[in-house]
Amino acid sequence: METHDLVGAANRLLSRYQKEISYFPIDLVLDEVLSLGNRIWATLEGNALAELLYMLARSYGGQFSLEQIGKLVLRGDGYSRTGINALGIMYDEFPERMKALKLGEMFERHDDWRVSYSVSCARSIRVFLSWR
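Counted the way my numbering counts, the sequence shown spans residues 77 to 208.
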């Protein structure tokens, strides 16, 4: 079975049994995503892993640590668009947890202004939508 098939099957199982599974080893998925590098875009394996990552953000975003979010978003002097998207999902699903982590403080010191801008936008949009 191909890797993307396995990831897709895992994603379906986790989606289906999310309430029964209270813990997921997030670092395993992060390490796999990081090992793909730029190949996460436009490959079957990358798309499947990104989808799994988004599912984890929706279901287990409250378990992500500050370090894990840093690994997810930051890429040396740049950033990961997939990571920013996953972080946006976590702001949607776990706003209090994201607020408690004080992510803005971590990202505002980053050399690439796009990182702090993206995180600020994600945070602002979530605050605005919560007022509605």
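By construction, the Cβ of each residue, glycine as well, lies at the ideal position given by its N, Cα and C atoms.
Checklist entry - Could you check where the alpha helix (DSSP H) with S111 kicks off and where it finishes? => result 102-112 is the extent of the alpha helix (DSSP H) around S111.
Item to check | Environment of V191 [buried if 16+ CB atoms lie within 10 Å] | outcome: Burial call: buried.
Checklist entry - Just curious, the alpha helix (DSSP H) that D168 is in, first and last residue? => result It spans 157-169 - the alpha helix (DSSP H) in which D168 sits, taken as one unbroken run.
Item to check | Y99 - containing alpha helix (DSSP H), residue span | outcome: Looking at the DSSP string, Y99 is not in any alpha helix (DSSP H), and its letter there is neither H nor E.
Item to check | Cut-off 6 Å between Cβ atoms - residues of its own chain near R115, not counting five sequence neighbours on either side | outcome: Cβ within range, chain order: G122.
Item to check | Cα-Cα separation, A85 to Y130 | outcome: Roughly 15 Å separates the two Cα atoms.
Checklist entry - Helix, strand or coil: how does DSSP classify R151 here? => result Note: R151 maps to strand in three-state DSSP.
Item to check | E143 versus L128, G159, S135, residue with shortest Cα-Cα distance | outcome: With distances taken between CA atoms, E143 lies nearest to G159 out of L128, G159, S135.
Next on the checklist: What would DSSP say about K178, mapped onto helix, strand or coil?
Outcome noted: Under the three-state reduction of DSSP, K178 is assigned to coil, being neither helix nor strand.
Checklist entry - R134 to G152, Cα distance in whole Å? => result Each residue's alpha carbon lies about 26 Å from the other.
Checklist entry - By how many angstroms is the C-alpha of L163 removed from the C-alpha of Q139? => result Answer to the nearest angstrom: the Cα atoms are 13 Å apart.
Next on the checklist: Could you compute how far the alpha carbon of I165 sits from the alpha carbon of D187?
Outcome noted: So the alpha carbons of these two residues sit roughly 24 Å apart.
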